[in-house]
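A short write-up of the structure that comes next.
And the structure:
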């Protein structure tokens, strides 16, 4: 099945669970292949993809996210794991960011931190129903000889504020990535979605 | 939308100054090039590389624009003096060992013979601080190649002597739906 069309609202196609499940089951777009898909029930601050297969060249993550923490905005973060172990929460990460908030352009850096900063996402004080749209690339994630670089783009606009951002993060660990954790403060709001894809580098 | 693998190039021992994709088929709608890059630049922790189409090295046929942050400031620039398209970010040999930069380059409508070619990219590298005063960098980059020929060859050129071992580029073709165009 190459394409998925939403023909009507009949048959439960508007369900928050059944429609994404269809995409999960048929998320194969040639070299870009769906590995897993998760949604937030509103009570989790961490979404983790475990047991990531080592058969792809790159990982590609698509997030549609909002946080239940206070304020207008907070951040989406990444932590990684190798060898099937727990995600690394040590001070082994660093981040360089570039973002604009409608008034100014800023670049900043975090060194020896315990997570990678990705991009701002709306929080409880932001206009309701607005989520951040973001993508994350992790190239050569399965190799075991280089540190891992995480490249993200994310944006949202809440009609009185907004951010567009790019981020590059480093995990100083040469292990093949077996888990990716996406985190925020407090919790991801219900309706937040997270899709993990693998990108193959072969014609097979 | 479907993504199809076309070809891959990985740098071996000894390094190389250029990486080439030739005989690119015209059967896709767009191209995407995914780069995992390190060079042997000395002194600094980051380095740059460039892109050239169809062996055209005439300066006036290219123009690039970029916007990047280096952890302390933001820079916007434009160049037409390199005979190439784009400054991308890779790491240098002096950076934290085993660290490579990432770049995603999209070349839309590359096979169309009625349009000049525009490409855009996101690119970044982080080295957990600074080396010789320069730290990580991330940015968005775009460029035009003022030529309406179909892109059949892409050459990636290291701004410093060599791409180092382990540098890798994967080229993909993007097809769109015949029904919806999506």
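Chains as they are written, first to last, in our numbering: chain E, 8 to 211; chain W, 17 to 198.
We treat Cβ as the ideally placed atom computed from N, Cα and C, and that holds for glycine.
query, result
"Examine the Cβ distances between the region 107-120 of chain E and the region 142-157 of chain E and report whether three or more of them are shorter than 8 Å.", "no"
"Strictly below 7 Å CB to CB, what residues from chain E border residue 52(W)?", "146, 147"
"For residue 76(W), which of helix, strand or coil comes out of DSSP?", "helix"
"Do residue 61(W) and residue 138(W) have their CB atoms nearer than 8 Å?", "no"
"For the beta strand (DSSP E) containing residue 156(W), name the first residue and the last one.", "150-161"
"Residue 6(E) and residue 70(E): beta carbons closer than 8 Å?", "The shown model of chain E, from 8 to 211, leaves out residue 6(E), and the question about it has no answer."
"Is residue 177(W) helix, strand or coil when you go by DSSP?", "coil"
"Are at least three pairs of beta-carbons, each pair with one atom in the region 165-172 of chain W and one in the region 66-77 of chain W, less than 8 Å apart?", "yes"
"Taking just the CA atoms, how far does residue 52(W) sit from residue 176(W)?", "16 Å"
"Taking buried to mean at least 16 other C-beta atoms within 10 Å of its own C-beta, is residue 117(W) buried or exposed?", "buried"
"Would you say residue 148(W) and residue 34(W) are within 8 Å of each other, going by their C-beta atoms?", "no"
"Skipping 5 residues on each side, what residues in its chain have a beta carbon closer than 8 Å to that of residue 162(W)?", "76, 77, 78, 79, 132"
"Please compile the residues from chain W whose C-beta is within a distance smaller than 8 Å of the C-beta of residue 36(E).", "17, 18, 19"
"Are the C-beta of residue 179(E) and some C-beta of chain W separated by less than 8 Å?", "yes"
"How would you label residue 81(E), buried or exposed, when you count the other beta carbons within 10 angstroms and need 16 or more for buried?", "buried"
"Should residue 165(E) be flagged as near chain W, meaning a C-beta pair shorter than 8 Å?", "no"
"What separation, rounded to the nearest whole angstrom, lies between the Cα atoms of residue 33(E) and residue 30(W)?", "Low local confidence applies: a pLDDT of 48 at residue 33(E) is under 50, so the model's placement there is unreliable, and no value is given."
"Does DSSP put residue 60(E) in a helix, a strand or coil?", "coil"
"For a cutoff of 8 Å on Cβ pairs, would you count residue 113(E) as touching chain W?", "yes"
"Let me confirm a value: residue 42(E) is counted as buried when at least 16 other C-beta atoms fall within 10 Å, else exposed. Which label applies?", "buried"
"I'd like the list of long-range same chain contacts for residue 38(E), defined as Cβ closer than 7 Å, with 5 residues on each side in sequence excluded.", "206, 207"
"Quick one: Cα of residue 138(E) to Cα of residue 28(W), how far?", "43 Å"
"Between the region 87-100 of chain E and the region 166-174 of chain E, do at least 3 Cβ pairs fall closer than 8 Å?", "no"
"Could you work out which residue in 126(W), 107(W), 181(W), 156(W) is closest to residue 166(W) when comparing CA atoms only?", "126(W)"
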